[in-house]
Structure formats: structure tokens, C-alpha cells
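Enquirer: What the sequence shown shows, in our numbering, is residues 1 to 244, in sequence order.
Yeah, the Cβ is synthetic: ideal placement off N, Cα and C, and Gly gets one too.
Just so we're clear, the structure is a prediction, and the values are computed from it rather than from any experiment.
Attaching a single structure in C-alpha cells format; questions to follow.
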Amino acid sequence: MMMNKSLVLLVLSVVSPSASFVTNNAAWSIRRSVVTSSSSAEWTGDVVSNTPDGQIRGCSITPDSEDSTLFTISIDGVEADLGKFSEAIYKKITSDAKQQSFQGFRPGTIPPHLQPTYRAFAMDECAREATLEAMEQNNIRPFQDARENLEFSSVSIPPPAKKAKKKKGGRKKKGQNSAMAQPAEVVEEPQWLLFDGMKEALDAGWKPGQSFSFVVKGAKGQKLRDESSVAGAKAIGSPIAQSI
Numbered sequence: 001m002m003m004n005k006s007l008v009l010l011v012l013s014v015v016s017p018s019a020s021f022v023t024n025n026a027a028w029s030i031r032r033s034v035v036t037s038s039s040s041a042e043w044t045g046d047v048v049s050n051t052p053d054g055q056i057r058g059c060s061i062t063p064d065s066e067d068s069t070l071f072t073i074s075i076d077g078v079e080a081d082l083g084k085f086s087e088a089i090y091k092k093i094t095s096d097a098k099q100q101s102f103q104g105f106r107p108g109t110i111p112p113h114l115q116p117t118y119r120a121f122a123m124d125e126c127a128r129e130a131t132l133e134a135m136e137q138n139n140i141r142p143f144q145d146a147r148e149n150l151e152f153s154s155v156s157i158p159p160p161a162k163k164a165k166k167k168k169g170g171r172k173k174k175g176q177n178s179a180m181a182q183p184a185e186v187v188e189e190p191q192w193l194l195f196d197g198m199k200e201a202l203d204a205g206w207k208p209g210q211s212f213s214f215v216v217k218g219a220k221g222q223k224l225r226d227e228s229s230v231a232g233a234k235a236i237g238s239p240i241a242q243s244i
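Listed below in C-alpha cells is the structure:
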């Protein structure tokens with residue numbers, strides 16, 4: 001699901017004017033500007049889990065067989081630690097929103113009808129930033145319009161948590177050996193739910209703080225020869241990049 005511009009503007013219109021958000025086509029580096037101000041002490045503010053080589057975990061990039069500037073990118077949300085990242089985004093935008101006054105609501109209260117918008121924005125922004133990070137770490141410089149044109153599919157989320165069933169206590173029969181070995185219960189690994197896009201995943205109950213995995217098709221960028229060419233590089237098509 002690609003969030004349209006009006007939805008983005010709706011979210012940005014209710015956050016603090018001092019927030020470091022931008023609405024132009026340039027990449028909004030929320031990973032660097034938002035999560036660094038997160039109050040989460042146990043998280044360092046990275047999109048990905050810390051690894052010895054600093055590369056994103058759970059990332060698979062496949063170049064198009066016919067067009068060398070197109071890539072299919074798969075992100076494993078658990079390996080990439082997207083649960084904490086999405087939560088940081090959500091906490092930031094809702095914290096800023098609470099500083100605003102909404103007609104008919106007490107100060108510090110966010111209208112319930114805006115909550116779905118914030119959740120959708122957190123998921124979408126998390127996926128876009130994780131994708132750009134994966135491209136950068138794999139020596140792929142994204143085109144200027146790559147970020148806004150990313151198309152997400154095969155979005156999978158954890159299944160809803162099942163409520164624990166209460167064990168029924170029964171009277172022991174006479175002569176029953178309490179030490180008798182009971183057959184071990186086989187606990188099946190919960191299967192993640194797979195959806196065509198983000199909207200379906202959100203409708204199924206995904207919330208910020210939960211992980212999610214996805215596939216991006218047609219990510220546009222240029223494969224570079226070495227990492228030094230990617231570090232600090234501007235998106236292809238930007239004024240600075242064109243002057244180089």
C-alpha cells in the first residue's frame with residue numbers, strides 16, 4: 001500500500017510544527033531524526049539489529065533480469081527489528097499530536113478516528129526507510145523518485161495472541177499416581193498471516209510495535225561498485241546529484 005500525499009499531509013498537519021518532517025520528494029530520514037529522540041533506553045535507534053559487519057539482517061535483493069536499475073527486495077521484519085522501529089515512529093508522531101488542540105477533545109487527547117491513520121503512517125514509513133537502508137547497505141543508490149514509488153506486497157504479520165485457556169481442576173481418583181508421566185504437549189509454531197498489501201494487514205489488526213515482513217518490487221536505483229560511492233550519496237535525479 002502506498003500512502004497518498006493527502007494522507008501524509010493529514011498526519012503532518014496535526015503534529016508539532018517543530019517536528020523534523022518534510023513533505024517534498026526528498027527522502028524523509030525518520031530513522032535518523034525521529035528515533036534518535038526516542039526515550040527507549042534499550043534501543044539504539046537503528047533500523048536493523050546490530051551485526052558485526054553493520055549490514056541489515058533478513059534482507060534479500062534480487063536484480064531484474066531485463067532492467068539493471070530495478071530490484072526486488074524482501075525484508076524479514078523480525079531479523080531487521082522493524083517492531084521497535086515502527087513503535088518509535090508511532091510514539092514520535094502521536095507525542096507531537098498530543099501537543100495540539102483538537103476541537104471537542106481535552107488537551108493531550110488524540111481523536112480516536114485519527115488512530116488508524118497514525119498506525120498506517122507508522123507502518124508505511126517504517127517499510128520505506130527500511131527499504132532505502134537495505135539499498136544503501138547493498139551499494140544501490142536509489143533514484144530520486146524511488147522512495148515514493150515503492151510498491152509493497154506479500155505483507156505478513158504475526159497472528160493475534162491467543163488467550164490462555166484455564167485448566168479445569170478435577171478430583172483425583174483413588175490410587176491414581178500423581179507422579180505418573182503426562183504426555184508432553186506439542187506446541188505448534190504460530191503461522192504468520194499473509195496479505196496482499198498493508199491495508200489488509202492493518203485491517204487484520206497490525207499495530208506499531210509488532211514486526212512485519214514484506215516484499216518490494218520495482219525498487220529503482222543504480223548499483224555502485226563500492227561502498228564509498230553510496231555513503232552520503234544523494235538520490236539520482238536530485239539537483240546535487242545532477243551537478244556531479
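Measuring only from the beta carbon, is Glu133 closer than 8 Å to any heavy atom that is part of the ligand GTP?
Expert: This structure simply doesn't include the ligand GTP, nor any ligand for that matter.
Enquirer: From what residue to what residue does the alpha helix (DSSP H) around Pro116 run?
Expert: Stepping through the sequence shown from its first residue, residue 116 is reached at position 116. Segment 115-137, the alpha helix (DSSP H) holding Pro116.
Enquirer: By how many angstroms is the C-alpha of Trp192 removed from the C-alpha of Pro107?
Expert: Residue mapping note: residue 107 aligns to position 107 of the sequence shown, counting from 1. Residue mapping note: residue 192 aligns to position 192 of the sequence shown, counting from 1. Their backbone Cα atoms lie some 39 Å apart in a straight line.
Enquirer: First and last residue of the alpha helix (DSSP H) that includes Phe85?
Expert: As a working note, residue 85 is residue 85 in the sequence shown. Taken as a continuous stretch (DSSP letters only), the alpha helix (DSSP H) holding Phe85 covers 82-97.
Enquirer: Can you give me the C-alpha to C-alpha distance between Asp96 and Lys217, rounded to a whole angstrom?
Expert: Within the sequence shown, residue 96 is the residue found at index 96, counting from 1. Within the sequence shown, residue 217 is the residue found at index 217, counting from 1. Approximately 33 Å, taken between the alpha carbons.
Enquirer: At a cut of 8 Å, does the segment 78-85 reach the segment 196-206 through at least three beta carbon pairs?
Expert: no
Enquirer: Express the C-alpha separation of Pro159 and Met123 in angstroms, rounding to a whole number.
Expert: By 1-based counting over the sequence shown, the position of residue 123 is 123. By 1-based counting over the sequence shown, the position of residue 159 is 159. Their backbone Cα atoms lie some 17 Å apart in a straight line.
Enquirer: With the cut-off set at 9 Å, would you say Leu70 and Asp64 are in Cβ contact?
Expert: Here residue 70 refers to the residue found at position 70 of the sequence shown. Here residue 64 refers to the residue found at position 64 of the sequence shown. Yes, Cβ-Cβ distance for Leu70 and Asp64 is below 9 Å.
Enquirer: From the DSSP output, in three-state form, read off Lys207 for me.
Expert: Taking the first residue of the sequence shown as position 1, residue 207 is located at position 207. In this structure, Lys207 counts as coil in the three-state DSSP scheme.
Enquirer: To the nearest angstrom, how far is the alpha carbon of Arg57 from that of Phe121?
Expert: Along the sequence shown, read from residue 1 onward, the residue named residue 57 stands at position 57. Along the sequence shown, read from residue 1 onward, the residue named residue 121 stands at position 121. Approximately 23 Å between the Cα atoms of the pair.
Enquirer: Could you tell me which of Phe143, Gly209, Pro190, Gly197 sits nearest to Leu224, measuring between CA atoms?
Expert: By 1-based counting over the sequence shown, the position of residue 224 is 224. Closest by alpha carbon: Phe143.
Enquirer: Using the beta-carbon count (16 or more within 10 Å), is Ala161 buried or exposed?
Expert: The residue given as residue 161 occupies position 161 in the sequence shown. Exposed.
Enquirer: Between the C-alpha atoms of Gln211 and Cys126, what's the straight-line distance to the nearest angstrom?
Expert: What you label residue 211 is simply residue 211 of the sequence shown in a count that begins at 1. What you label residue 126 is simply residue 126 of the sequence shown in a count that begins at 1. One detail in the question is off: residue 211 reads as Ser in this sequence, not Gln. One C-alpha to the other measures close to 10 Å.
Enquirer: In angstroms with no decimal places, state the Cα-to-Cα distance between Asp67 and Phe102.
Expert: For the purposes of this step, residue 67 is taken as the residue at position 67 of the sequence shown. For the purposes of this step, residue 102 is taken as the residue at position 102 of the sequence shown. Using only the alpha carbons, I get a separation of about 49 Å.
Enquirer: Among Ala219, Pro190, Glu151, which has the Cα closest to the Cα of Met198?
Expert: Taking the sequence shown and counting its residues from 1, the one referred to as residue 198 is at position 198. Of the candidates Ala219, Pro190, Glu151, the one whose C-alpha sits nearest the C-alpha of Met198 is Glu151.
Enquirer: Please classify Pro208: is it buried, with 16 or more other beta-carbons within 10 angstroms of its beta-carbon, or exposed?
Expert: Translated into the one-based positions of the sequence shown, residue 208 becomes position 208. By the neighbour-count rule (16 or more Cβ atoms within 10 Å), Pro208 is buried.
Enquirer: What is the C-beta distance between Arg141 and Gly221, in whole angstroms, given that I count them as a contact (C-beta under 8 Å)?
Expert: Mapped onto the sequence shown, residue 141 falls at position 141. Mapped onto the sequence shown, residue 221 falls at position 221. Sure, about 6 Å apart at Cβ, within 8 Å.
Enquirer: Taking the alpha-carbon positions, what's the Leu132 to Leu114 distance?
Expert: Working through the sequence shown from its first residue, we reach residue 132 at position 132. Working through the sequence shown from its first residue, we reach residue 114 at position 114. Between Leu132 and Leu114, the C-alpha separation is close to 27 Å.
Enquirer: Would you mind working out which of Ile89, Thr94, Phe214, Ala130 sits nearest Ser153, comparing C-alpha positions?
Expert: Here residue 153 corresponds to residue number 153 of the sequence shown, with the count starting at 1. If we check each option's Cα against that of Ser153, Phe214 comes out closest.
Enquirer: For Arg128, which residues of its own chain have a beta-carbon under 7 Å away from its beta-carbon, when the five flanking residues on both sides are left out?
Expert: Residue mapping note: residue 128 aligns to position 128 of the sequence shown, counting from 1. Counting only Cβ-Cβ distances below 7 Å, and skipping sequence neighbours, we find Arg147, Leu150.
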